[in-house]
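2 protein chains.
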Amino acid sequence: MIGRLNHVAIAVPDLAAAAAQYAGALGADVAPPQDEPAHGVTVVFITLPNTKIELLTPLGDKSPIAGFLEKNPSGGIHHICYEVVDIQAARAKLVAEGARVLGEPRIGAHGKPVIFLHPKDFNGTLIELEQA
Amino acid sequence: MIGRLNHVAIAVPDLAAAAAQYAGALGADVAPPQDEPAHGVTVVFITLPNTKIELLTPLGDKSPIAGFLEKNPSGGIHHICYEVVDIQAARAKLVAEGARVLGEPRIGAHGKPVIFLHPKDFNGTLIELEQA
């Protein structure tokens, strides 16, 4: 069912510093920051030859990553995103298997339908599935 | 400098259960477990179309992931691995930039030279660099 690893999302307290580090010390292809007000984050996309890294920092008062950064002030890997062909079919299969899916599919930061899976059911890992 | 994302490593408390979940509920291509006694882990490789996921569980008394699982009993993302062309050049560049590199290059679980970078210097993320 799962296909490509679409991205790894890393929450960071200082987006400019993290972006400069990936562009400088790590020598990666780093894009300018983009505000995603509907998702409560500002994102920097890092393009690797085979996938993407997304550096996230909170935007606004109700950011979904604010709590994570309170618990992990230095930052950390927040989630990984796998691609699926059909988000509704994926959701139905996971629910049938007894996994906790966090809500109905919604439009994610890339303009495509996504769901999130409960980390307690997946080895402490927050998994996003995106209909590619 | 960094190239492909070689793998994402997820530490898990129950390797058989995690492997069964990735093969079943998530429908991925999951290989049989491999003991890596020199690295203190048993590994299950999951092949995605563009990269790999490695499920790790401790092997033996001195596993480098035992402490992580004590702090994260459900498991969690342990590290991400980026490929580089020249591990010595990568190490020298990072040291020159002031980043803490954890020791000299050594032969990693794939039989290739690797170094690890201090998570405190990289947004709370343990980064492995592997000479591809």
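So the protein sequences, as listed, match chains U and S.
The opening residue of the first sequence carries number 1 in this note's numbering; numbering runs sequentially from there.
The opening residue of the second sequence carries number 133 in this note's numbering; numbering runs sequentially from there.
Ideal Cβ placement from N, Cα and C applies to all residues, glycine included.
Treat the numbers as computed from the prediction; the structure is a model and nothing was measured.
When the Cα atoms are used, what is the spatial distance from S/E265 to S/I178? Since the first and last residues shown for chain S are 133 and 264, residue 265 of chain S lies out of range.
Near-chain U residues of the region 174–187 of chain S (beta-carbon distance less than 7 Å), N- to C-terminal order: Residues passing the 7 Å Cβ filter: L180, P181, N182, T183.
Is it a yes or a no for the region 7–16 of chain U touching the region 54–71 of chain U, going by three-plus beta-carbon pairs under 8 Å? Touching, yes.
Please report how far the alpha carbon of S/K225 lies from the alpha carbon of U/T51, in whole angstroms. Distance between the alpha carbons of S/K225 and U/T51: 24 Å.
Does any CB atom of chain S fall closer than 8 Å to the CB of U/S74? Interface residue, yes.
For S/G208, write down the residues that DSSP places opposite it in a beta bridge. Answer by DSSP bridge pairing, in chain order: S/A143.
Got a sec, what are the start and stop residues for the beta strand (DSSP E) S/E260 sits in? That run of the beta strand (DSSP E) goes 259–263.
Under 8 Å between C-beta atoms, does S/A198 make it to chain U? It does not; no Cβ of chain U falls within 8 Å.
Following the continuous alpha helix (DSSP H) through U/E70, name the residue where it begins and the one where it ends. If you look at U/E70, you'll find it in the alpha helix (DSSP H) that goes 66–71.
Below-8 Å beta-carbon distance, U/K93 vs any chain S residue: Yes, its Cβ sits closer than 8 Å to a Cβ of chain S.
Starting from U/G124, find everything on chain S with Cβ-Cβ shorter than 7 Å and list it in chain order. Neighbours of U/G124 on chain S, chain order: N204, S206, G207, G208.
Cβ contact (3+ pairs, closer than 8 Å) linking the region 241–252 of chain S and the region 166–175 of chain S: They touch, by the three-pair rule.
Distance between S/R223 and S/V217 (C-alpha atoms, nearest Å): Each residue's alpha carbon lies about 11 Å from the other.
Is S/E236 buried or exposed, if buried means 16 or more other CB atoms sit within 10 Å of its CB? Classification for S/E236: exposed.
Going by beta-carbon coordinates alone, are U/I87 and U/P113 separated by less than 8 Å? In this structure, U/I87 lies near U/P113, with their beta-carbon atoms less than 8 Å apart.
Cα-Cα, which of S/S195, S/D193, S/P164 is closest to S/A148? Nearest neighbour of S/A148 by Cα position, chosen from S/S195, S/D193, S/P164, turns out to be S/P164.
Best match in S/D193, S/V140, S/S206 for proximity to S/V176 [C-alpha to C-alpha]: Comparing Cα positions, the closest option is S/V140.
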